[in-house]
Each structure stands twice: as C-alpha cells, then as structure tokens.
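Residue numbers (UniProt numbering): 1 to 77.
Built from N, CA and C at the ideal position, the CB exists for glycine as well.
What follows is the structure, given as structure tokens:
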C-alpha cells in the first residue's frame, strides 16, 4: 500500500487540479503525474544549467580539446 500524503492546496493549486482532473482522471493519479513531471523538469533544468556552466568554463573546454587531440593519435585509421 502506498503512503498517504496530505496537502493543503491554495486557489492556484485547486484550479490546476481541476484542469488535470476535468477528463475524469483521479486526483491521486493527477498529483502523481504532476509530481513526476515536475521532478523531470527540475532535473532537466539542473542539467541544462550544468552544461551551460561547463560551456562557459574555458579551462574545461581546453582540457576537453586536449583529450580529443590525445585520442586522435590513438585512432587506427
């Protein structure tokens, strides 16, 4: 049995929940889907921010370029 979690929705959350359940989707299902989607979005945002930071890191880009040059010497063809 899944753990029961209680929350107190504000007006915005109630309106959002009404949209998510207007097709008959159970509240629990709508909340689960919304939480999973929010977690995926947060993870993607963190990865995007990390990639941007790495792209702006001159030392990291120089190191990556050096690794590529070193790897080139190992190519068979």
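- Between residue 68 and residue 60, the C-beta spacing is not below 8 Å.
- The three-state reading of DSSP puts residue 45 in helix, counting H, G and I together.
- Beta-carbon to beta-carbon, residue 21 and residue 30 are separated by about 5 Å, close enough to satisfy the 8 Å threshold.
- For residue 66, the uninterrupted alpha helix (DSSP H) segment begins and ends at 58-72.
- With contacts defined as CB atoms closer than 8 Å, residue 17 and residue 27 qualify as a contacting pair.
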